[in-house]
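Every number in the numbering used here is 7 more than the matching position in the sequence shown, counting from 1.
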Amino acid sequence: MSKKNRGNEPAKGSLAAQLKNLGMLSPATAREVERDRRKAAKKDQKAQGPTEAEQRRAEFERLQAAKAIENRERSQTEKKTHDRRRWREVVGANNVGGGGNRRFFYVDRAGSIPFVEAPDGVLRDLQRGEAAIVESHGAIPDEVAIVGGRVAIDELWRLDSSSVRYWNGTEPARRIPEEMDATGA
C-alpha cells in the first residue's frame, strides 16, 4: 500500500477495518464508512467550541484591538494637551489687553451677551478684523482676551475655532491664496 492510499483506508482497529479483513465489507464501502466517521468526528469537534489555538488567536486579536484603541486615545489626549498649551502661549503673547473707556459687546458660548472694555484703538482693530475676542481657557486671569495679529488669530482658529467669539475677518479656510500671502498667514 502506498502513502497516498493510507488516508483512504480505514484505521486499524476500527469496525470498518475488521469487517474488511473478514471479507464482509468491500474496500470501497470501508473507505466510505471511514470517511463518514471522520466527518462525524469533525462535526462533533466543531460543536464542542473553538480549539485552544483558536481561543489564543481570538484573545490575541482582542488584545491588539484594545491596545490600538488605547494608543488612539492616548494620541488624541496628547494632541489636545499640546493644542491647549499652544493656544495659551499664543493668547498670552498676543493679548492686546482691555481696560479702556469703551464697551464692545459679543456673544459667548452660553449665548449671553457680555462686553469687554477696551481703548478706542483696540476697538478699531476689532472692527477691521485685525483683532479678535477669544475665550482664554485660563491663559490669563480674565475669561476673555482680545488678541491682535492676523497670524495669531489664524492659529487660534486652527487650534480651536469655537473659542474665537468675535472676529470681523474671514475664516482661514475660506480666504483666497493671494489674501493669505499678503497677510503672511
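Built from N, CA and C at the ideal position, the CB exists for glycine as well.
Predicted model only: the values in this text are computed from it and were never measured.
Separation of residue 86 from residue 123, as counted between CA atoms: 31 Å
Expected contact under 8 Å - CB spacing of residue 29 and residue 37 to nearest Å: Not quite, the Cβ-Cβ distance comes to about 11 Å (not below 8 Å), so this is no contact.
Residue 30 (DSSP reduced to helix, strand or coil): coil
Span separating the alpha-carbon of residue 153 from that of residue 62: 60 Å
Residue 128 versus 22, 155 and 95, residue with shortest Cα-Cα distance: 155
Cβ pair residue 114, residue 172 closer than 8 Å: yes
Integer-rounded CB distance, given that residue 175 should sit under 8 Å from residue 136: 4 Å
DSSP three-state assignment for residue 117, whether helix, strand or coil: coil
Bridge partner(s) assigned by DSSP for residue 155: 138
Coil, strand or helix - residue 103 by DSSP: coil
Residue 65 classed as buried or exposed, judged by whether at least 16 other C-beta atoms fall within 10 angstroms: exposed
Whole-number beta carbon distance between residue 90 and residue 166, since they are thought to touch under 8 Å: 5 Å
For residue 159, the nearest candidate out of 139, 134, 34 and 83 (CA to CA): 139
Distance between residue 72 and residue 79 (C-alpha atoms, nearest Å): 11 Å
Same chain, Cβ closer than 8 Å to residue 116, neighbours up to 5 away in sequence not counted: 142, 169 and 172
Whole-angstrom distance between residue 81 and residue 42, CA atom to CA atom: 54 Å
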